[in-house]
Structures are given as C-alpha cells and as structure tokens.
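Residues are numbered in this note's numbering as their position in the sequence shown, beginning at 1, plus a constant of 13. All residues carry an ideal CB built from backbone N, CA and C; glycine is no exception. Remember, predicted model here, so these are calculated numbers, not experimental data.
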Amino acid sequence: MLLILLAAVIVRLPFVLLIGDGVNADEAWTGLMSFSVLRGEYPVFMPGLGYMGSIEAFATAVLFWLFGPSARLMYAVPTAVSVVLVLLAARLGRQIAGRRGEILSGLFAAVPPVFLVVFGNAPRLGYVETLLWGMILLLMVERLMAAPDGPRVRS
14 MLLILLAAVI VRLPFVLLIG DGVNADEAWT GLMSFSVLRG EYPVFMPGLG YMGSIEAFAT
74 AVLFWLFGPS ARLMYAVPTA VSVVLVLLAA RLGRQIAGRR GEILSGLFAA VPPVFLVVFG
134 NAPRLGYVET LLWGMILLLM VERLMAAPDG PRVRS
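Okay, structure coming up:
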C-alpha cells in the first residue's frame, strides 16, 4: 500500500510543482473565499450559488494563516484530499474483493486519467471533495450490506 501511495504522490507532484504563481478564475474562488474566512466571514456555499461548498476554502484558509497566501499553496488541500481518496478506494476494493481488489482499485485511484489529475488536484471548491464524500458513502453502504444480519429497516 505504501508503494501505491508513493505512486499517487509521484503522479500528482509534477502537476502541483508546474502550476507557477497564477490561477484561473475558477480556482481563484478558493483563494477569495479563504480570505473571507480569515476576515471572520464563514460562507457555507460559493457566493451566488446554492452548491459548491466551502470545506476546501476553510482548509485553505488555515494554510494561508500558517504559511501566508500563495497560488501554489491553494493546491495543497485538493492534492491531499486526492491522496486520501486513493486510500479509501483501496479500502473499498479490499472490502469488496480482498487483497487483489485493494491493489487494483488503489492503483487506479493513484494513477488516474489525466482529467482526474487536473480536476482532482486543482482548487475548484468541490470536485475532489465530491469524490471523497461519494467514496465514504460507498464504504458505509458496503459495511451496512456486509453486516451479519444484513441491513436493518426502521419504520
């Protein structure tokens, strides 16, 4: 599993290192919302939208507070979340298909298609977090279905 995590970091690191100091308009929202959090405002959603939550902006605000704001630092939170996603994908694979499932699903998550590397490691307020929450939900459902007495129905 350690080799799979190392592969995940190696695949994501060049993307983060080659970013430079600029961000596009979609990514800038993370920084702007992080500055709002540092000023004492606590947004729940992206301004003007009823979706795209602010968990990433809160976590980025902590990093800005600790290390000072930078464009490259905004990529730290989604990149860390995408590495956690690799761990959870491997765990789900193990729960469903044993050791072989763990390795295959972990490798697929660690070395994803380019689209997932770009969108899963960019500060866009929700893309990689949506994958993370979905994976957590799948793990919960799998655990519920694997319970000895099966899922419980409550009325």
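Residue i classed as buried or exposed, judged by whether at least 16 other C-beta atoms fall within 10 angstroms
i    : result
R3   : A query on residue 3 cannot be resolved here, the shown segment of the chain reaching from 14 to 168 and no further.
Y140 : buried
I23  : exposed
V99  : buried
G63  : exposed
Cross-strand partners of residue i (DSSP beta bridge)
i   : result
G66 : F58
Through-space distance from residue j to residue i, alpha-carbon basis
i    : j    : result
M65  : I116 : 32 Å
G147 : S95  : 13 Å
P126 : L101 : 18 Å
A38  : L45  : 10 Å
T43  : G35  : 13 Å
A123 : T73  : 23 Å
Y19  : M158 : Note that residue 19 corresponds to Leu in the displayed sequence, not to Tyr. Using only the alpha carbons, I get a separation of about 32 Å.
P60  : P82  : 20 Å
F48  : F71  : 9 Å
R156 : Q108 : 8 Å
G53  : V75  : 12 Å
I17  : L105 : 15 Å
Contact test: residue i Cβ vs the ligand GDP heavy atom, cutoff 6 Å
i    : result
R112 : Looking for the ligand GDP in the displayed structure turns up nothing, as the structure carries no ligands at all.
Extent of the continuous alpha helix (DSSP H) run through residue i
i   : result
P91 : 89-123
S49 : 38-51
A20 : 15-30
Could you pull out every unbroken beta strand (DSSP E) segment of at least 3 residues lying fully inside the stretch 126-163, listed in chain order? Within the stretch 126-163, complete beta strand (DSSP E) segments of at least 3 residues are not found at all.
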